[in-house]
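Here the structure is laid out as structure tokens; the discussion comes afterwards.
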Amino acid sequence: MKVWLKVIAVLLLVYVHTAGLLMDVPRLNILNETVRALYFHVPMWFGMVLLYLMSVYYAIRYLKNPTPEFDVKSVAYAHVGTAFGILGMITGMLWANYTWGSPWHGDPKQNGAAIALLVYLAYFVLRGSLDNEEQRARLSGVYNIFAFAAMIPLIFIIPRLTSSMHPGSGGNPGFNAYDLDSRMRLVFYPAVIAWFLIGLWIVSLRVRIKKLEEKIIERE
0 MKVWLKVIAV LLLVYVHTAG LLMDVPRLNI LNETVRALYF HVPMWFGMVL
50 LYLMSVYYAI RYLKNPTPEF DVKSVAYAHV GTAFGILGMI TGMLWANYTW
100 GSPWHGDPKQ NGAAIALLVY LAYFVLRGSL DNEEQRARLS GVYNIFAFAA
150 MIPLIFIIPR LTSSMHPGSG GNPGFNAYDL DSRMRLVFYP AVIAWFLIGL
200 WIVSLRVRIK KLEEKIIERE
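According to numbering that gives the first Met the number 0, the stretch in the sequence shown is residues 0 to 219, in order.
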């Protein structure tokens, strides 16, 4: 990852944390100050989806051209994407505890997100159960495509077709049309960019560590 991208990521993250906690936010019924969680909860999910998309991209590249580097990158993106998903789930539960009265309300959006994460956790179980590197990369690559295809309806489609309290689902207006005013946009959009860049940075570190481990094994 380029140094200037790292600098931008750090600067944006500092700005998001500072502005997100100090800038004024709309005084909305029930939400009140908890709306600040939008700057952290939603960007985590955006980052997760984008990182999973990159993971699928490299999985497809591996299936077309079995190069170990593609598999390494695919796994790294999946790892970081899952971490972002778990953080998104935790921040969402904290937010729900203050606005819905309990951290887990059985909302279709929550259930869909949990199932999607379990599908991806099964991806890592699959990889861990196979010893042959080529077979592991090939089968997990195919599963990766299936997991991403399953995630889209679980998170973005099914909750919209059912009754849900989550914004943007089940007839509830999304933040973009409901209360994401110009002040919040000044923080929200940089937050999405910042967290995604942080995700890319972590992925690049994981890939470098994997390459160093392989070099050490070769020398031994």
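Even glycine gets a Cβ: it sits at the ideal position worked out from N, Cα and C. None of these values were measured; they are calculated from a predicted model.
Starting from the C-beta of residue i, find all residues in its chain whose C-beta is less than 6 Å away, skip the five residues before and the five after it, and write them out in chain order.
| i | result |
| --- | --- |
| threonine 81 | Tyr119 |
| leucine 62 | Gly140 |
| phenylalanine 147 | Tyr51, Val55 |
Quick one: Cα of residue i to Cα of residue j, how far?
| i | j | result |
| --- | --- | --- |
| aspartate 23 | histidine 16 | 13 Å |
| phenylalanine 155 | leucine 116 | 14 Å |
| proline 158 | isoleucine 7 | 35 Å |
| threonine 90 | aspartate 180 | 22 Å |
| glutamine 230 | leucine 125 | For residue 230 there is no data in the structure shown, the boundaries of the chain being 0 and 219. |
| glutamate 68 | alanine 190 | 30 Å |
| tyrosine 177 | threonine 66 | Here tyrosine 177 scores only 46 on pLDDT, less than 50, and its place in the model is too uncertain to base an answer on. |
| lysine 214 | isoleucine 208 | 10 Å |
| tyrosine 14 | proline 42 | 14 Å |
Do residue i and residue j have their C-beta atoms closer together than 9 Å?
| i | j | result |
| --- | --- | --- |
| glycine 111 | tryptophan 44 | no |
| isoleucine 201 | valine 79 | yes |
| leucine 185 | leucine 11 | no |
| methionine 183 | leucine 37 | yes |
| glycine 19 | tryptophan 194 | no |
Among residues of its own chain, excluding the 5 on either side of residue i, which ones have a beta-carbon nearer than 7 Å to its beta-carbon?
| i | result |
| --- | --- |
| lysine 72 | Tyr57, Val206 |
Let me make sure I understand the geometry here. Which of the options has the alpha-carbon closest to that of residue i?
| i | options | result |
| --- | --- | --- |
| leucine 93 | Ile197, Arg35, Leu52, Ala77 | Arg35 |
| tyrosine 122 | Glu219, Trp103, Gln109, Phe145 | Phe145 |
| alanine 136 | Val13, Val74, Ala193, Pro152 | Val74 |
Tell me which residue opens and which closes the alpha helix (DSSP H) that residue i is part of.
| i | result |
| --- | --- |
| arginine 135 | 132–151 |
| phenylalanine 123 | 107–127 |
| isoleucine 216 | 181–218 |
| isoleucine 154 | Per DSSP, isoleucine 154 belongs to no alpha helix (DSSP H) and is neither H nor E. |
Whose C-beta lies closer than 8 Å to the C-beta of residue i among residues of the same chain, with five residues either side of it excluded?
| i | result |
| --- | --- |
| leucine 4 | Leu196, Leu199, Trp200 |
| glutamate 32 | Val24 |
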